[in-house]
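Written out below as structure tokens is the structure these notes cover.
There are 2 protein chains.
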Amino acid sequence: MALIVHKYGGTSMGSTERIRSVAQRVAKWVRAGHQLVVVPSAMSGETNRLLGLAKELMPNPSAPEALRELDAVAATGEQVSVGLLALALQAQGVPAVSYGGWQVPVQTDSAYTKARIASIDDARIRADLACGKVVVITGFQGIDALGNVTTLGRGGSDTSAVAVAAALKADECLIYTDVDGVYTTDPRIVPEARRLASISFEEMLEMASLGSKVLQIRSVEFAGKYRVPTRVLSSFTPWDIPIEDEAQSGTLITFEEDEKMEQAVVSGIAFNRDEAKISVIGVPDRPGIAFQIIGPVAAANIDIDVIIQNVSHDGRTDFSFTVHRNDYQRAMGVLESQVLPATGAARVIGDAKICKVSIVGIGMRSHVGVASTMFRTLSEEGINIQMITTSEIKTSVVIDEKYMELAVRALHKAFDLDASAVAAE
Amino acid sequence: MALIVHKYGGTSMGSTERIRSVAQRVAKWVRAGHQLVVVPSAMSGETNRLLGLAKELMPNPSAPEALRELDAVAATGEQVSVGLLALALQAQGVPAVSYGGWQVPVQTDSAYTKARIASIDDARIRADLACGKVVVITGFQGIDALGNVTTLGRGGSDTSAVAVAAALKADECLIYTDVDGVYTTDPRIVPEARRLASISFEEMLEMASLGSKVLQIRSVEFAGKYRVPTRVLSSFTPWDIPIEDEAQSGTLITFEEDEKMEQAVVSGIAFNRDEAKISVIGVPDRPGIAFQIIGPVAAANIDIDVIIQNVSHDGRTDFSFTVHRNDYQRAMGVLESQVLPATGAARVIGDAKICKVSIVGIGMRSHVGVASTMFRTLSEEGINIQMITTSEIKTSVVIDEKYMELAVRALHKAFDLDASAVAAE
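Protein chains in written order, with my numbering: chain A, 163 to 587; chain B, 163 to 587.
Written as structure tokens, this is what we have:
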């Protein structure tokens with residue numbers, strides 16, 4: 163008997179028919195002798211519907227008291243889901259009970275719309291599991307120390323599921339989703355993309371942060387911090403496939419390098435076209451200048467991704483960074499109105515038509531020449547590299563948006579990730 | 163400065179446009195210097211949508227654990243409403259905060275789907291009011307001693323509002339609804355029906371229990387128990403009518419007889435066609451027989467309304483009662499399978515095509531001949547009376563359903579309730 167956490171996305175919960183199918187799948191696991199905790203998302207479209215209603219009443223909520231109400235409204239989507247799923251389980255003859263985040267409770271900080279989980283009380287869950295019940299818990303939400311409802315931000319149910327699994331020291335956390343695992347890259351861009359049977363936690367973290375939408379990045383951080391064995395698998399397989407097959411499907415996130423079955427140098431190619439590039443040209447090169455530039459942008463609550471500062475010459479340097487494309491105009495405004503006058507820099511230029519392409523792989527630690535292969539491959543395709551950043555297990559380049567597909571395909575092939583290449587090994 | 167509770171029905175909350183209009187009305191009261199607590203219902207249709215989803219997964223929930231989930235799902239409708247209304251108020255520049263029943267908390271018993279309020283903690287509400295905030299509280303729901311969500315049953319938001327007003331010792335509870343007050347009878351049946359400027363608590367209780375749908379009966383009981391000045395008024399008046407006019411509109415429920423401005427003998431005519439009549443014929447007339455008949459019906463969770471037992475002759479009597487029409491077949495089954503064999507009664511007959519028509523008025527206490535006028539009026543219209551029951555301030559008759567409109571119109575006229583009659587006084 164194992165203690166397993168299942169997480170189901172909005173598509174899986176999209177209709178009562180699909181909810182019934184989720185219940186049948188959970189019932190299969192229960193009948194195989196396991197203890198189950200299930201974290202379902204809101205029914206697909208529901209969170210958007212609720213936020214849409216709120217937006218009609220307040221187009222741009224930003225005050226904490228407004229964000230508090232936004233969270234209270236948005237959290238109801240998951241509350242409906244857990245009640246319906248518990249009913250569907252009971253209708254299958256499986257004892258089940260639902261809890262909202264406040265009932266567990268799932269304690270968070272008070273950062274409405276992007277709260278972080280502080281702790282999860284496992285007492286109530288354990289008591290119900292001991293009584294043979296399936297416990298269905300809302301994802302995406304919790305309560306703060308004052309008893310206000312908070313939400314964790316988009317995709318937060320992944321984080322809730324992993325956090326619950328960590329609190330319960332569950333044997334595995336299964337994230338049922340629209341895709342059947344983690345791929346070497348997006349199969350819509352590269353048809354030869356392969357599913358990975360396993361991926362290291364560090365690689366998954368890079369893939370998530372680089373734009374692969376399979377898992378919310380905070381859920382990966384949680385999985386890593388608490389070493390929660392987490393598996394991403396398809397919610398579209400028939401619910402009645404043999405449980406042994408289901409338990410081995412998808413992609414397992416691992417924590418030991420030697421657990422990894424495929425020791426490719428590069429595990430995957432990630433990409434992201436949600437960013438825009440901004441350069442401050444002719445910045446006086448003096449101590450504190452980076453903060454003078456980035457400080458006002460951060461103060462405007464704009465997240466910054468890649469930052470590049472090149473060596474200076476003649477006492478001047480150029481300073482570049484990327485922001486989310488939605489924040490591009492606002493960031494340009496901050497720089498022109500505040501940063502240029504304050505720093506005496508020459509001018510600000512920007513480009514929203516860029517993309518970031520990254521190669522990710524634990525093997526890069528021990529293999530030289532990986533970045534060099536990346537640059538050569540792009541060069542052979544005539545793609546100009548605008549910015550470069552590296553970490554221990556990834557190399558990212560910023561290029562013109564129009565070359566994105568070409569770059570991803572070429573890199574996928576160059577690092578032997580194509581399915582045909584592996585089959586030939 | 164007064165402390166006022168407003169309650170808005172589902173139609174008032176039916177769209178973001180209407181929610182904005184509610185916020186404008188509340189803001190008007192705030193700007194006039196009052197402290198406001200607002201209890202909105204779920205957006206119209208929302209509770210039915212949620213219960214419909216649950217029904218698709220479990221057609222006939224009856225186990226407590228299933229009813230618990232049903233309540234958890236149904237309660238979300240009001241949670242959405244309070245958050246949206248708080249946002250709409252904030253957008254008007256009015257500080258506002260929303261609470262779910264569990265946050266106040268509104269303590270109830272554990273009778274899922276028909277819970278009763280045990281207590282309301284006013285600390286949080288008072289603290290927010292003292293800070294100048296409008297407090298928006300979910301109607302229809304609470305939590306039990308174990309922290310489970312409960313609902314109060316259909317129309318429960320009226321009860322929530324009156325209970326909140328009682329807990330806060332509010333100066334007045336204004337129930338904004340689809341009608342502009344309490345009428346002498348349903349204007350759809352009698353176009354001459356008049357709005358009552360005030361009605362005594364006892365009369366309102368009879369009107370509510372007799373099928374007038376203006377207020378949930380439990381809210382009237384609450385208003386009476388705690389002497390909460392409660393006014394029923396229209397939510398369809400423009401939000402910007404002068405506050406003095408609005409404060410005097412609708413119908414005020416009063417507690418002192420001498421407060422009553424119109425001392426009519428009969429205040430209103432109520433009717434109800436949701437009932438069915440059942441008679442057990444040839445019952446041996448012995449002690450305990452009433453319980454032997456009614457006991458099994460009550461045990462089957464069927465509510466019984468009118469009960470009549472006539473004097474016996476030859477040691478046998480006939481025993482009649484009415485039940486809700488939805489329970490008619492089930493009640494007949496219980497009687498035939500359990501009661502007939504146990505009592506030795508001759509047979510059971512029933513009729514679902516009946517209706518109950520009642521005259522209600524505090525004046526009946528001191529005026530003789532009121533019932534007699536009722537019977538004469540029906541007789542003159544050729545309407546046969548099947549059952550009669552009386553209380554201190556009402557007389558009800560059960561008649562053939564097809565005569566309902568005719569009976570209501572004739573009685574309305576006979577007791578001088580027509581608008582034209584009053585105008586001529």
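Cβ coordinates follow ideal geometry from the N, Cα and C atoms, glycine included.
Own chain, CB closer than 6 Å to residue i, minus 5 neighbours either side, in chain order
i        : result
B:Ala189 : Gln254, Val256
B:Asp340 : Thr173
B:Gly386 : Phe363
B:Ile351 : Glu567, Val570
A:Val244 : Ser260, Val298, Thr300
A:Ala572 : Thr539, Glu543
A:Leu314 : Ala277, Phe302, Thr321
A:Arg182 : Ala250
A:Ala507 : Val442, Gly444, Val445
B:Ser589 : The displayed coordinates of chain B run from 163 to 587. Any statement about residue 589 of chain B would go beyond what the structure contains.
B:Ser541 : none
B:Leu579 : Thr346
Paired residues, beta bridge with residue i - DSSP
i        : result
B:Phe481 : B:Val442, B:Gln471
B:Gly304 : B:Thr312
A:Cys335 : A:Val167, A:Thr392
A:Ile521 : A:Ile431, A:Thr557
A:Glu437 : A:His486
A:Gln197 : A:Leu165
A:Ile279 : A:Thr270
Alpha-carbon spacing of residue i relative to residue j, whole angstroms
i        : j        : result
A:Ala461 : A:Val496 : 10 Å
B:Val266 : A:Ile561 : 54 Å
B:Arg393 : B:Gly412 : 7 Å
B:Asp233 : B:Ala194 : 37 Å
A:Asp271 : A:Phe302 : 13 Å
B:Asp333 : B:His196 : 10 Å
A:Arg509 : A:Glu563 : 24 Å
B:Met549 : B:Ser397 : 38 Å
B:Lys575 : B:Gly317 : 31 Å
B:Ile403 : B:Ala216 : 41 Å
A:Ile418 : A:His168 : The amino acid at residue 418 of chain A is misidentified as Ile; the sequence shows Glu. Each residue's Cα considered, the two are about 23 Å apart.
B:Ala273 : B:Val326 : 20 Å
B:Thr346 : B:Leu358 : 7 Å
A:Met205 : A:Gln252 : 19 Å
A:Ala355 : A:Glu554 : 24 Å
B:Pro226 : B:Ala236 : 15 Å
B:Trp191 : B:Ala409 : 10 Å
A:Leu377 : A:Leu367 : 9 Å
A:Ala285 : A:Ala370 : 32 Å
A:Val311 : A:Phe537 : 48 Å
Enclosing beta strand (DSSP E) for residue i [first to last residue]
i        : result
B:Gly430 : 430-434
B:Thr413 : 413-416
Sequence-distant residues of its chain with Cβ nearer than 7 Å to residue i (five each side left out)
i        : result
B:Pro449 : none
A:Leu219 : none
B:Ala280 : Gln269, Thr270, Asp271
Cutoff 8 Å; reference residue i; Cβ partners in own chain excluding five residues on either side
i        : result
B:Pro221 : none
B:Val427 : Gly523, Gly525, Met526, His529, Val532, Phe577
Residue i vs residue j beta-carbon contact at 8 Å
i        : j        : result
B:Val268 : A:Thr238 : no
B:Pro202 : B:Val298 : yes
B:Trp401 : B:Arg211 : no
A:Gly223 : B:Leu247 : The sequence as given places Pro at residue 223 of chain A; Gly does not occur at that position. No; because the gap between Cβ atoms is not below 8 Å, this pair is not in contact.
B:Gln471 : B:Thr505 : no
A:Val547 : A:Tyr565 : The question names Val, but residue 547 of chain A in the sequence shown is Ile. No, they are not a contact pair.
A:Gln466 : A:Val485 : Strictly speaking, residue 466 of chain A in this sequence is Ile, with Gln absent from that position. A contact, by the Cβ cut-off of 8 Å.
B:Gly457 : B:Tyr338 : no
Alpha helix (DSSP H) segment containing residue i, residue limits
i        : result
B:Gln265 : That residue, B:Gln265, is in no alpha helix (DSSP H); it is neither H nor E in DSSP.
A:Ile547 : Segment: none, A:Ile547 is in no alpha helix (DSSP H) and carries neither H nor E.
B:Arg509 : Segment 509-513 is the beta strand (DSSP E) holding B:Arg509; no alpha helix (DSSP H) there.
A:Pro503 : 502-505
A:Ile455 : 451-461
B:Val326 : 318-330
Within chain C, the residues that residue i reaches when beta carbons sit closer than 9 Å
i        : result
A:Ser260 : In summary, chain C is missing from the structure at hand, where the protein chains are A and B.
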